[in-house]
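Undergrad:
Residue numbers (this note's numbering): 442 to 1113.
(1) Thinking C-alpha only, which one of 749, 1013, 682 and 944 is nearest residue 716?
(2) In whole angstroms, what separates the C-alpha of residue 513 from that of residue 552?
(3) Would residue 622 and residue 611 be called neighbours here (beta carbons separated by less than 8 Å)?
(4) If you compare alpha carbons, which of 549, 1056, 1019 and 677 is closest to residue 823?
(5) Using three-state DSSP, classify residue 1101 as helix, strand or coil.
(6) Quick one: using the 10 Å Cβ neighbour count with 16 as the cut-off for buried, is residue 564 buried or exposed?
(7) Along the chain, where does the alpha helix (DSSP H) that runs through residue 1017 open and close?
(8) Nearest chain D C-beta to residue 992 closer than 8 Å, yes or no?
(9) Which word fits residue 727, buried or exposed, when buried means at least 16 other C-beta atoms lie within 10 angstroms of its C-beta?
(10) According to DSSP, which residues form a beta bridge with residue 815?
(11) I want to know whether the stretch 582 to 595 touches the stretch 555 to 572 - three or more CB-CB distances under 8 Å.
(12) Please work out which residues of its chain come closer than 7 Å, Cβ to Cβ, to residue 835, disregarding the five sequence neighbours upstream and downstream, and give them in chain order.
(13) Classify residue 636 as helix, strand or coil using the three-state DSSP reduction.
(14) Using the three-state DSSP reduction, which class does residue 700 fall into: helix, strand or coil?
(15) Could you check whether residue 631 and residue 596 sit closer than 8 Å to each other, using their CB atoms as the reference points?
(16) So which of 973, 927 and 877 has the shortest CA-CA distance to residue 888?
(17) How many angstroms separate the CA atom of residue 463 from the CA atom of residue 548?
(18) For residue 698, which residues in the same chain have their Cβ closer than 7 Å to its Cβ, ignoring the five residues on either side in sequence?
(19) Determine the extent of the alpha helix (DSSP H) in which residue 578 is found, giving its start and end residues.
(20) Does the separation of the CB atoms of residue 883 and residue 866 fall below 8 Å?
(21) Comparing alpha-carbon positions, which option in 799, 769 and 711 lies nearest residue 748?
(22) Spell out the partners DSSP gives residue 648 in its beta bridges.
(23) What residue from 997, 1016, 1001 and 1000 has the CA that sits closest to residue 987's CA?
(24) Classify residue 533: buried if its beta carbon has 16 or more other beta carbons within 10 angstroms, exposed otherwise.
(25) Taking DSSP's pairing of strands, which residues face residue 600 in a bridge?
(26) Using the Cα positions of residue 439 and residue 633, report the straight-line distance between them to the nearest angstrom.
(27) What does the Cβ neighbour count give for residue 757, buried or exposed, with the cut at 16 atoms within 10 Å?
(28) Compute the beta-carbon to beta-carbon distance between residue 1060 and residue 1099, rounded to the nearest angstrom, for a pair I have assumed lies under 8 Å.
(29) For residue 989, which residues from the same chain have a beta carbon less than 6 Å from its beta carbon, with the 5 sequence-adjacent residues on both sides left out?
(30) Use the C-beta contact count for residue 652: other C-beta atoms within 10 angstroms, 16 or more gives buried, fewer gives exposed.
(31) Going by other Cβ atoms of all chains shown within 10 Å of its Cβ, with 16 needed for buried, is residue 654 buried or exposed?
(32) Evaluate contact between the stretch 782 to 789 and the stretch 845 to 864, counting only Cβ atoms and requiring at least three cross-stretch pairs below 8 Å.
(33) Does DSSP put residue 525 in a helix, in a strand, or in coil?
(34) Would you tell me roughly how many angstroms separate the C-alpha atoms of residue 849 and residue 1048, rounded to the nearest one?
(35) Could you pull the DSSP bridge partners for residue 768 from this structure?
(36) Can you tell me whether residue 977 is buried or exposed? The criterion is at least 16 other CB atoms within 10 Å of its CB, across all chains shown.
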């Protein structure tokens, strides 16, 4: 049977309105028309206005304005942690753009495609084409950018809070310029983002945005409080770390609760317990405004692609408390494997740690800094405080891991360790209770750092109170109570209250002697301190006899590297220096230095302490030039490790001056 003749009734294409058939109709007619394009998405493209004067960003704004007016086609990217004021800078640039007569569009997260298409329509693009192309993002982006590139007036296009770069381009990195983010000779593109990875944005110009400094931070606080920057504003701004969101919230709290907080000092006192109190004071009734806790949590959620970054952040929030820099050497992989940071489908290795650290840096939660020639990590104090407050069920494990890392290199970095021990104590108190033995032990380490940092006036009352509290709660012979008693004695010794110190040490020594096994190395440490009291009294013969007793007993129960035995050998060598037996002192001190270098490294303060006595022996032996060289090295290392104002550093500089005087033919160095 032959094919039926073609009736010519086929119509192809998009059909709208009436369809007319000009000749006879044979057979059936089928019309399949696509639906008419629906309405365009309703997007909000207006820029916000800064609530107060923008302060502390003049140089950055001048740079951005120059790029805008100079026709730099590259996108400009403002990167930094949430709440640091990136959107405020963008809003001020938008205000300047409006003053210049530029067309302005402000694109918010979640509506990138619809917003850019709407901008294209505002430039004269066909609304129907915008709707039709919305389902083909590559074609849509190209269509929109052709219109943006052909615009008659210069413009500013802001992508605000672009914290998910994949929204700008799901397939390529945004900087490649083939998605919704592109550069143009006709206008300026500005991006604000938490993602500070140069590789994501290149060839865009990356501008890091950080907290505000001093006077600018205090002025922002006063602006939001609608009052003059009176006394206490600078201190409160410092407590808030110059963090713009926190400054704005604090100012809002001042304005709303002026009866409770008539001045900045009163609000600062309220926030001393927890900076997160500011969220309750300043939060809007509808709960939709930004909060400090919510802003930090949003940054933490962005780490979901690097799961190990979150437990590492928890750990750093303790180790890097109060803005202290954490040297990377304090994060060895072998110790990180032992806690939450080591959990995962595969064993933790150097590459895994590097990826986690990079994720923290890229999302603005930590910054990499150089400290005394080595790389370190720093968390903004408000970020670390907020993360610690959010530890929840992970608090105890995070504190345990932090303490393990602190014990691995004790007293090596006092400026970092002291706030870290404060944080461990606070986390344990919140998680376990203030009277738990682990909390008391952490508080002892916290207050012991006052002795390491040579502040016995503050350490003495704190340790005396802890000793009494531990004895009352745990019993006089509990290890924490005995440790507290020992540290209380150390505070008395540093204060020069020798009789009281000896009484405390003897009571401790006797108590430890009643324990099964005789108290071990801890009992030897008490005996060592009794000998040290004799040194301070000038009774070197009695001191030497007791140091020898420590060494004899230690040889029986401890290994040669036990810290108390090395310290006893060092102090026995000092008595030899004073007795004139300098060859014996040199041999013993050289051996102690070698042992401490092997255990702690050459620049650990305790190793440097032994080197100090080698320098003193050289000075007493008339070897002034050698003493100058040795004291100079000791003074340098103590200054780097302990600080320029630490008594050990000052002592080394005094001895250096004496050695230089001897080398120049001046008066002999005084004994001591």
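We put the beta carbon where it would ideally sit given N, CA and C, even for glycine.
On a predicted model such as this, the values are computed, not experimentally measured, just so you know.
TA: Straight from the coordinates:
(1) 682
(2) 26 Å
(3) no
(4) 677
(5) helix
(6) buried
(7) 1004 to 1020
(8) No chain D is part of this structure, which consists of one protein chain only.
(9) Only weak support is given to the placement of residue 727: the predicted model assigns it a pLDDT of 48, under 50, and the value that follows is read from those uncertain coordinates. The residue in question, residue 727, is exposed, as its Cβ has fewer than 16 Cβ neighbours within 10 Å.
(10) 812
(11) yes
(12) 755 and 781
(13) coil
(14) coil
(15) no
(16) 927
(17) The predicted position of residue 463 is uncertain, since its pLDDT is 49 and thus under 50; a value taken from the coordinates is nonetheless stated next. Between residue 463 and residue 548, the C-alpha separation is close to 51 Å.
(18) 722
(19) 578 to 590
(20) yes
(21) 799
(22) 519
(23) 1016
(24) buried
(25) 548 and 632
(26) This structure cannot settle anything about residue 439, because the visible part of the chain is limited to 442 through 1113.
(27) buried
(28) 7 Å
(29) none
(30) buried
(31) exposed
(32) no
(33) coil
(34) 15 Å
(35) 817
(36) exposed
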